[in-house]
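Beneath this line is the structure, given in structure tokens, with notes to follow.
Numbering (the numbering used here), first residue to last: -13 to 352.
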């Protein structure tokens, strides 16, 4: 009988120790995430295995999936990709098994083109284009010799946030993608919006970009809030390029930074910086936002961000501490490239795969 009691006591101790470990980690770093492009239908099983065997044991608890128009939308088949509902349910099942939250992303407002190619949304609905007069094939654009310091440089197209029909389409796909992923989160993107309040736009011309940006955030936010869902965005448009000295890709030169005092405070800010672990998470926290620091391929920057977040939570007041939510590693090269770099031996050190491996190693030691 005594041996049985000792055995039961040992089980209870181990369960409590496991709970304490998770509780301690959650307090030290509440959000431990990866942002990556959704896989193609053909590679979903590999992606699920990666979540099950790599992310989950390292206590990742957030997966931001860059879905955009890769999913086979039923509400708007003209926008559909090859990722099926059955594919999505495999991802949902493994994430629910391990308590990993999913936040599907559709890039809203900006990033409606890249280089000389217009994205699917404006290709299907050209009437929503903020700058229909700009012909990408005739412009200086990134990826084709574009220079951020060139006044004639054109970055990416935006949709017009004041077009009377644009949100009818967007709300349909947002609702469908959040429902199929069974999630309370939605990532709206909204990074690097350099085209806004264009002087040629009959609806936006002459308006304040900050108020236009804030208005679009509120529009998406309110739609999600009505369904009990929460919004994430990238934070760069809320940072002042001149005041910070940040590169003008990771901060605003068209006045959208003033929207930081106009947007709702319950959005999660994903504060990305890839060349340096800037201290802007502190700024967002003081402004009242929950924030995650977002590195990409630089292991040192990612390590600095992780250490900064841990220190911020240790040293902050009771008011500020909850705003420092953790780290979201970003990968912009796609699942296939990431998978190859993660699993195949390589001397390449500056990769998102190397950052994830560093993060996994650190999490296992905490």
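C-beta atoms are modelled at their ideal positions from N, C-alpha and C, and glycine is treated no differently.
Close-in-space but distant-in-sequence residues of the same chain around residue i (CB under 6 Å, 5 per side omitted)
i           : result
residue 183 : 190, 193, 195, 198
residue 132 : 126, 139
Reduced DSSP secondary structure (H/G/I, E/B, other) of residue i
i           : result
residue 169 : coil
residue 142 : coil
residue 254 : strand
residue 28  : helix
residue 339 : helix
residue 307 : helix
residue 216 : strand
residue 286 : helix
residue 260 : coil
residue 192 : coil
residue 200 : helix
residue 127 : strand
residue 58  : coil
residue 182 : coil
residue 348 : helix
residue 174 : strand
residue 318 : coil
residue 302 : coil
residue 94  : strand
Sequence-distant residues of the same chain with beta carbon closer than 7 Å to residue i, five excluded per side
i           : result
residue 24  : 51, 52, 53, 56, 69
residue 84  : 42
residue 324 : 22, 317, 338, 339
residue 205 : 153
residue 67  : 55, 56, 57, 58
residue 102 : 122, 123, 127, 130
residue 168 : 78
Inter-residue CB distance, residue i and residue j (contact presumed, cutoff 8 Å)
i           : j           : result
residue 348 : residue 292 : 6 Å
residue 179 : residue 95  : 5 Å
residue 298 : residue 268 : 7 Å
residue 336 : residue 284 : 6 Å
residue 274 : residue 251 : 5 Å
residue 49  : residue 11  : Actually they are not in contact, since the Cβ atoms of residue 49 and residue 11 sit about 17 Å apart, beyond 8 Å.
residue 78  : residue 37  : Incorrect: roughly 11 Å between the Cβ atoms, too far for contact.
residue 73  : residue 27  : 5 Å
residue 91  : residue 173 : 4 Å
residue 255 : residue 277 : 4 Å
Residue environment, residue i, which counts as buried when at least 16 other CB atoms sit within 10 Å
i           : result
residue 200 : buried
residue 119 : exposed
residue 312 : buried
residue 208 : exposed
residue 281 : buried
residue 88  : buried
residue 59  : buried
residue 186 : exposed
residue 329 : exposed
residue 143 : buried
residue 321 : buried
residue 239 : exposed
residue 18  : buried
residue 214 : exposed
residue 124 : exposed
residue 231 : exposed
residue 303 : exposed
residue 331 : exposed
residue 98  : buried
residue 63  : exposed
residue 315 : buried
Nonlocal neighbours in the same chain, by C-beta distance under 8 Å from residue i, ignoring five residues either side
i           : result
residue 149 : 113, 114, 189
residue 287 : 259, 260, 261, 262, 263, 281
residue 136 : 126
Sheet register partners of residue i (DSSP bridge)
i           : result
residue 312 : 17, 278
residue 87  : 48
residue 22  : 51
is_contact[residue i, chain B] using C-beta, thresh 9 Å
i           : result
residue 288 : The chain inventory of the structure shown lacks chain B, comprising one protein chain alone.
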